[in-house]
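Q: I have a structure here, written as structure tokens, and I will follow up with some questions on it.
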Amino acid sequence: MTHYQFILRISRSALNHIQALILVSLLITCQNNTPNNHLPKAIDGKMVLNEAMFQNQTSIKLDGEWEFYYQRLLSSEDFKNNNSLLKKELITLPGFWNEIKTEGRFYSAQSYSTFRLHLILPNSLTNGQYSFYIPHAFTTYRMYLDGNLISENGVVGISEKETNEYWLPKIVFFTPSSETTEIIIQVANYKSLNAGFRQSIEIDKQESMLRTKQIRLALDIFLIASLFVISLYHFTLFLLRKNDQSLFYFSMYAFVSLVYKLTSGEFFLVILFPDFEWRWLIKIFFLSVYLTFPFLLSFIGKVFPNEISKIPYYAFQILFFSFSIFVLSSESTWIEETLFPAEIAMLFCCIYIFCILSKALVKKRESAAGFLFGFLFLFLAVLNDILFEKNIIKTEIYGPLGTFVLFFSQSFFLSKKHSKLNLIVEKQKEELEQSVLLKDKIYHTNIHSKRMELELYKKSIQPHFLMNSLSAIRYWVSESPEKSASILDSLVGELRIILKVASKQLIPIGDEIDLCRYHIGVMKMRMEKEYKFKTIGIDNNELIPPLIFHTLIENAFTHEDSPNAKLNFGIFKKNIAQDEKLFSLYCFIVYNHHKEKESNPPKSGSGTGLEYVRLRLEESYSGKWSLTHGKSKKGYRVLILIQKN
Numbered sequence: 000m001t002h003y004q005f006i007l008r009i010s011r012s013a014l015n016h017i018q019a020l021i022l023v024s025l026l027i028t029c030q031n032n033t034p035n036n037h038l039p040k041a042i043d044g045k046m047v048l049n050e051a052m053f054q055n056q057t058s059i060k061l062d063g064e065w066e067f068y069y070q071r072l073l074s075s076e077d078f079k080n081n082n083s084l085l086k087k088e089l090i091t092l093p094g095f096w097n098e099i100k101t102e103g104r105f106y107s108a109q110s111y112s113t114f115r116l117h118l119i120l121p122n123s124l125t126n127g128q129y130s131f132y133i134p135h136a137f138t139t140y141r142m143y144l145d146g147n148l149i150s151e152n153g154v155v156g157i158s159e160k161e162t163n164e165y166w167l168p169k170i171v172f173f174t175p176s177s178e179t180t181e182i183i184i185q186v187a188n189y190k191s192l193n194a195g196f197r198q199s200i201e202i203d204k205q206e207s208m209l210r211t212k213q214i215r216l217a218l219d220i221f222l223i224a225s226l227f228v229i230s231l232y233h234f235t236l237f238l239l240r241k242n243d244q245s246l247f248y249f250s251m252y253a254f255v256s257l258v259y260k261l262t263s264g265e266f267f268l269v270i271l272f273p274d275f276e277w278r279w280l281i282k283i284f285f286l287s288v289y290l291t292f293p294f295l296l297s298f299i300g301k302v303f304p305n306e307i308s309k310i311p312y313y314a315f316q317i318l319f320f321s322f323s324i325f326v327l328s329s330e331s332t333w334i335e336e337t338l339f340p341a342e343i344a345m346l347f348c349c350i351y352i353f354c355i356l357s358k359a360l361v362k363k364r365e366s367a368a369g370f371l372f373g374f375l376f377l378f379l380a381v382l383n384d385i386l387f388e389k390n391i392i393k394t395e396i397y398g399p400l401g402t403f404v405l406f407f408s409q410s411f412f413l414s415k416k417h418s419k420l421n422l423i424v425e426k427q428k429e430e431l432e433q434s435v436l437l438k439d440k441i442y443h444t445n446i447h448s449k450r451m452e453l454e455l456y457k458k459s460i461q462p463h464f465l466m467n468s469l470s471a472i473r474y475w476v477s478e479s480p481e482k483s484a485s486i487l488d489s490l491v492g493e494l495r496i497i498l499k500v501a502s503k504q505l506i507p508i509g510d511e512i513d514l515c516r517y518h519i520g521v522m523k524m525r526m527e528k529e530y531k532f533k534t535i536g537i538d539n540n541e542l543i544p545p546l547i548f549h550t551l552i553e554n555a556f557t558h559e560d561s562p563n564a565k566l567n568f569g570i571f572k573k574n575i576a577q578d579e580k581l582f583s584l585y586c587f588i589v590y591n592h593h594k595e596k597e598s599n600p601p602k603s604g605s606g607t608g609l610e611y612v613r614l615r616l617e618e619s620y621s622g623k624w625s626l627t628h629g630k631s632k633k634g635y636r637v638l639i640l641i642q643k644n
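Numbering-wise, numbering that gives the first Met the number 0 puts 258 at position 259 of the sequence shown, and it's gapless, one number per residue.
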């Protein structure tokens with residue numbers, strides 16, 4: 000898919016963001032460059048200001064035609080004594096004298112010169128408190144006002160040996176004593192490819208200029224502090240999650256942007272360390288610019304690895320690292336020679352990153368829209384700065400602001416991503432804990448089930464039961480073979496059903512009734528007595544836990560039978576509704592008319608047989624059953640209540 004096709008497939012929401020971004024950037028870029036007839040301009044070395052200009056403008060830029068004297072360091076006395084002998088030329092500030100195009104004459108950047116401007120103020124503003132904002136010159140200057148030295152950056156000399164370079168924007172205060180004020184600025188340069196002023200010299204009232212300076216400095220401090228926090232935060236995250244290398248590259252990207260801001264703008268590094276060597280200031284500045292793109296590319300490559308093309312990726316990495324090595328090993332003049340090819344490489348690298356983010360957006364990668372939005376803002380800011388560096392447009396440096404927007408957007412989406420990951424981890428932790436509890440419960444349930452199964456075998460196939468049954472069979476074999484065959488059939492039927500249902504949680508109640516009949520048949524032959532068994536309301540297909548009623552019949556033979564007793568067994572079932580809930584009520588009853596009639600309320604029991612019944616009921620109907628038992632008017636009764644819904 001071509002780059003053009005990728006752009007066509009960008010979503011409508013992203014396009015809206017881009018359009019808004021371009022509009023804002025154009026407004027910022029053109030803020031100080033829009034033609035305005037009311038803005039003053041220096042003409043032929045003179046600038047006339049009126050009172051309204053100070054009221055309408057936050058600051059007045061002393062842009063326009065200044066007097067220019069190449070390879071001359073002149074003072075006010077020189078102009079008074081030799082004014083007719085001095086050859087005046089004009090230069091447009093901000094600008095560089097090496098860019099002046101004059102037939103037959105070449106202006107070398109490695110030289111020295113003098114700038115001069117007559118500033119004419121209204122009479123009503125004389126004796127007021129005013130100030131100049133003086134940006135750094137390339138690469139050192141000395142400024143005079145009406146013959147008095149008011150500001151100096153470094154040492155101005157007529158040779159490289161006599162010159163000491165220094166960069167630091169300043170504000171200086173003055174009080175004009177007359178309507179016409181003479182400004183003389185001596186500039187020397189032996190290190191840079193350009194000589195002169197890249198930014199405007201400004202004038203304003205003292206309070207306004209102080210406020211402007213404080214705002215600029217506060218903005219620098221804010222950006223520096225923000226980049227420091229972003230870098231430290233993501234580096235800390237990397238130490239905690241070393242497998243995520245995108246955090247490391249993002250941290251280093253923020254760090255080199257922090258260094259860039261320290262060595263540009265208000266030059267906060269020079270404010271902190273006034274004696275910082277100029278040569279290393281330039282090296283660090285260029286390194287911060289050239290190392291930005293390798294770390295940015297590395298970060299993008301880790302976030303969107305499937306959209307990276309390896310050849311341009313490694314080509315840009317090698318190119319920018321080569322620039323960085325050259326900066327470390329070269330002098331300042333040669334360092335600046337790398338700026339133009341580096342700017343071209345930056346533009347192509349930005350296009351490459353834009354293609355990567357566009358692909359990610361088309362493929363609906365997470366946070367791709369946010370990354371693209373922040374990068375476009377940075378791209379427009381970088382483009383503005385390149386045009387500003389080339390003196391093509393007269394704006395300001397907006398690279399740090401674009402970098403901050405990019406960092407803010409990416410930090411937001413990275414934080415969102417890691418917050419989402421933390422939520423997923425927490426959710427997985429809860430699911431794991433639930434899984435462990437479930438497995439533990441299943442494990443104990445299986446053990447419990449096997450234990451009940453073993454108890455069932457132990458209970459149902461008791462040695463004394465088998466011994467007594469076999470003794471009865473032996474007796475009836477000799478006395479009556481037909482009866483021995485009958486008891487043997489009942490015993491075999493009982494054992495067969497027990498083996499069939501012992502491992503099941505629920506069985507048809509019909510199998511349970513058959514088991515009870517076989518057991519009663521065996522006991523009938525053994526005890527030589529008549530036992531009756533009947534059921535009412537039973538659906539043979541409904542399910543119940545195995546050997547529930549078989550156990551109750553065994554208990555009845557153990558506790559209720561006697562030589563004179565005549566036992567009758569009954570199992571009755573009915574459905575009842577209570578509190579909008581449906582219940583099945585099972586009643587097991589044993590009749591024994593030779594016992595004394597007692598009327599005791601039902602109560603809970605603790606015998607082995609009843610304990611088995613409770614375990615089986617809890618396994619199948621956890622918390623939805625109840626069991627009561629006790630004497631009744633006609634014998635012994637057990638009530639089992641099971642909730643069906």
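Heads up, the beta-carbon is just placed ideally off N, CA and C, and yes, glycines get one too. All figures in this text were calculated on a predicted structure; none of them were measured in a lab.
Would you check if the stretch 210 to 222 and the stretch 256 to 265 touch, i.e. whether three or more CB-CB distances between them fall below 8 Å?
A: The answer is yes - the stretch 210 to 222 touches the stretch 256 to 265, with three or more Cβ pairs under 8 Å.
Q: Just to confirm my understanding: we take Val302, look at its own chain, exclude 5 residues before and 5 after, and list those with CB closer than 7 Å. What are they?
A: Here the question's residue 302 lines up with position 303 in the sequence shown. Around Val302: Ser245.
Q: Note down, in chain order, each residue of its chain lying with its Cβ closer than 7 Å to the Cβ of Val521, except the 5 sequence neighbours on either side.
A: Taking the first residue of the sequence shown as position 1, residue 521 is located at position 522. Within the same chain, Val521 has close Cβ partners Ser468, Ile486, Ser489, Leu490, Glu493.
Q: Near Cys515, which residues of its chain fall below 7 Å by C-beta distance, leaving aside the five closest residues on each side in sequence?
A: As a first step, residue 515 is located in the sequence shown; it is residue number 516 there, counting from the start. Phe532, Phe548, His549, Ile552, listed in sequence order.
Q: Please return the same chain residues whose Cβ sits closer than 6 Å to the Cβ of Lys572, not counting the five positions on each side in sequence.
A: Looking up residue 572 in the sequence shown gives position 573. Around Lys572: Gly536, Ile537, Tyr585.
Q: Cβ atoms of Ile183 and Phe114: under 9 Å apart, would you say?
A: One-based indexing of the sequence shown puts residue 114 at position 115. One-based indexing of the sequence shown puts residue 183 at position 184. Yes, the pair counts as a contact, with Cβ atoms nearer than the cut-off.
Q: Where do the N-terminal and C-terminal ends of the alpha helix (DSSP H) with Trp65 fall, by residue?
A: Within the sequence shown, residue 65 is the residue found at index 66, counting from 1. Note, Trp65: premise wrong, no alpha helix (DSSP H); beta strand (DSSP E) at 63 to 69.
Q: Indicate the three-state DSSP secondary structure (helix, strand or coil) for Ser112 in the structure shown.
A: Stepping through the sequence shown from its first residue, residue 112 is reached at position 113. The answer is strand: DSSP assigns Ser112 an E or B state.
Q: Please determine if the stretch 374 to 389 and the stretch 338 to 350 are in contact, where contact requires at least 3 C-beta pairs separated by less than 8 Å.
A: Touching, per the Cβ criterion.
Q: Tell me the rounded alpha-carbon separation between Arg197 and Thr337.
A: Taking the sequence shown and counting its residues from 1, one reaches residue 197 at position 198. Taking the sequence shown and counting its residues from 1, one reaches residue 337 at position 338. C-alpha separation (whole angstroms): 19 Å.
Q: Once the 5 residues before and after Val269 are set aside, which same chain residues still bring their CB inside 6 Å of it?
A: The residue given as residue 269 occupies position 270 in the sequence shown. Excluding residues within five positions, the ones whose Cβ falls inside 6 Å are Leu167, Phe275.
Q: Assign Ile202 to buried or exposed, taking buried as 16 or more other Cβ atoms, counted over all protein chains shown, within 10 Å of its Cβ.
A: Numbered from 1 along the sequence shown, position 203 holds the residue referred to as residue 202. Label assigned to Ile202: buried.
Q: Which residue or residues does DSSP assign as beta-bridge partners of Phe587?
A: Locating residue 587 in the sequence shown gives position 588, where the first residue counts as 1. Per DSSP, Ile570, Val637.
Q: Take Lys596 and list the residues in its own chain whose beta-carbon comes closer than 8 Å to its own, dropping the five residues that flank it on each side.
A: Translated into the one-based positions of the sequence shown, residue 596 becomes position 597. Low confidence applies to Lys596: its pLDDT is 47, below 50, so where it sits in the model is not reliable enough to give any reading.
Q: DSSP puts Ile506 in a beta bridge; with which residues?
A: Taking the first residue of the sequence shown as position 1, residue 506 is located at position 507. In DSSP, Ile506 forms a bridge with Ile543.
Q: What beta strand (DSSP E) runs, 3 residues minimum, are completely inside the stretch 231 to 319?
A: The qualifying runs do not exist here; there are none.
Q: Just tell me which of Ile512, Ser323, Asp62 has its CA closest to the CA of Leu89.
A: One-based indexing of the sequence shown puts residue 89 at position 90. The shortest C-alpha separation from Leu89 is found at Asp62.
Q: Under a Cβ-count criterion, where at least 16 other Cβ atoms within 10 Å of its own Cβ denotes burial, should Leu26 be classed as buried or exposed?
A: Here residue 26 refers to the residue found at position 27 when the sequence shown is read from its first residue. Low confidence applies to Leu26: its pLDDT is 40, below 50, so where it sits in the model is not reliable, and the reading given next is rough at best. Leu26 should be labelled exposed.
Q: Between Glu66 and Leu116, how many whole angstroms is the CB-CB distance? I'm expecting something under 8 Å.
A: Locating residue 66 in the sequence shown gives position 67, counting from the first residue. Locating residue 116 in the sequence shown gives position 117, counting from the first residue. Yes, they are in contact, since the Cβ atoms of Glu66 and Leu116 sit about 7 Å apart, within 8 Å.
Q: Consult DSSP for Ala564 and reduce its assignment to one of helix, strand or coil.
A: Position 565 of the sequence shown, counting from 1, holds the residue named residue 564. DSSP places Ala564 in coil when its eight states are reduced to three.
Q: Just how far apart, CA to CA, sit Ser24 and Leu375?
A: Counting from one through the sequence shown, the residue named residue 24 turns up at place 25. Counting from one through the sequence shown, the residue named residue 375 turns up at place 376. Because Ser24 carries a pLDDT of 42, less than 50, the predicted location of this residue cannot be relied on, and the following value inherits that uncertainty. Rounded to whole angstroms, Ser24 to Leu375 spans 10 Å at the Cα level.
Q: Closer than 8 Å by C-beta to Leu542: which residues in its own chain qualify, once you throw out the five before and the five after it? Chain order, please.
A: The residue given as residue 542 occupies position 543 in the sequence shown. These residues qualify, in order along the chain: Leu505, Ile506, Pro507, Ile508.
Q: Please identify the residue among Tyr143, Tyr132, Val589 whose C-alpha is closest to the C-alpha of Phe78.
A: For this step, residue 78 is matched to residue 79 along the sequence shown. Comparing Cα-Cα distances from Phe78 to each of Tyr143, Tyr132, Val589, the minimum goes to Tyr143.
Q: Nearest to Ile352 by alpha carbon, out of Glu335, Tyr313, Phe322?
A: The residue given as residue 352 occupies position 353 in the sequence shown. The shortest C-alpha separation from Ile352 is found at Tyr313.
Q: Drop a sphere of 10 angstroms on the beta-carbon of Ala576, count the other beta-carbons inside from all chains shown, and report buried for 16 or more, exposed for fewer.
A: Taking the first residue of the sequence shown as position 1, residue 576 is located at position 577. By the neighbour-count rule (16 or more Cβ atoms within 10 Å), Ala576 is not buried but exposed.
Q: Should Ala187 and Tyr111 be called a contact, given that it needs their Cβ atoms to be closer than 9 Å?
A: What you label residue 187 is simply residue 188 of the sequence shown in a count that begins at 1. What you label residue 111 is simply residue 112 of the sequence shown in a count that begins at 1. Cβ distance < 9 Å, so Ala187 and Tyr111 count as in contact.
Q: Please state the DSSP three-state secondary structure of Trp624.
A: Position 625 of the sequence shown, counted from the first residue, corresponds to residue 624. Strand at Trp624.
Q: So if DSSP puts His117 in a beta bridge, which residue, or which two residues, is it bridged to?
A: Position 118 of the sequence shown, counted from the start, is the residue given in the question as residue 117. Beta-bridge pairing links His117 to Lys45, Glu181.
Q: Taking the Cβ atom as the reference point for each residue, do Leu118 and Met52 lie within a distance shorter than 9 Å?
A: Mapped onto the sequence shown, residue 118 falls at position 119. Mapped onto the sequence shown, residue 52 falls at position 53. Their beta carbons are not under 9 Å apart, which means Leu118 does not touch Met52 by this criterion.
Q: Is DSSP giving Ile200 helix, strand or coil here?
A: Position 201 of the sequence shown, counted from the start, is the residue given in the question as residue 200. Correct three-state label for Ile200: coil.
Q: Which of helix, strand or coil does DSSP assign to Phe105?
A: Taking the sequence shown and counting its residues from 1, the one referred to as residue 105 is at position 106. DSSP places Phe105 in coil when its eight states are reduced to three.
Q: Measure the CB-CB distance between Tyr397 and Ala341 and report whether it falls below 9 Å.
A: Taking the sequence shown and counting its residues from 1, the one referred to as residue 397 is at position 398. Taking the sequence shown and counting its residues from 1, the one referred to as residue 341 is at position 342. For Tyr397 and Ala341, no; Cβs fall outside 9 Å.
Q: Nearest-angstrom Cα distance between Ile385 and Glu432?
A: On the sequence shown, residue 385 is found 386 positions in, with the first residue counted as 1. On the sequence shown, residue 432 is found 433 positions in, with the first residue counted as 1. Using only the alpha carbons, I get a separation of about 57 Å.
Q: By the 10 Å Cβ neighbour count, where 16 or more other Cβ atoms means buried, how is His558 classified, buried or exposed?
A: Here residue 558 corresponds to residue number 559 of the sequence shown, with the count starting at 1. Exposed, because fewer than 16 other Cβ atoms sit within 10 Å of the Cβ of His558.
Q: Between which two residues does the beta strand (DSSP E) harbouring Lys169 extend?
A: As a first step, residue 169 is located in the sequence shown; it is residue number 170 there, counting from the start. Segment 169 to 173, the beta strand (DSSP E) holding Lys169.
Q: Among Glu527, Tyr69, Phe339, which residue has its Cα nearest to the Cα of Asn97?
A: Taking the first residue of the sequence shown as position 1, residue 97 is located at position 98. Per the Cα distances, Tyr69.
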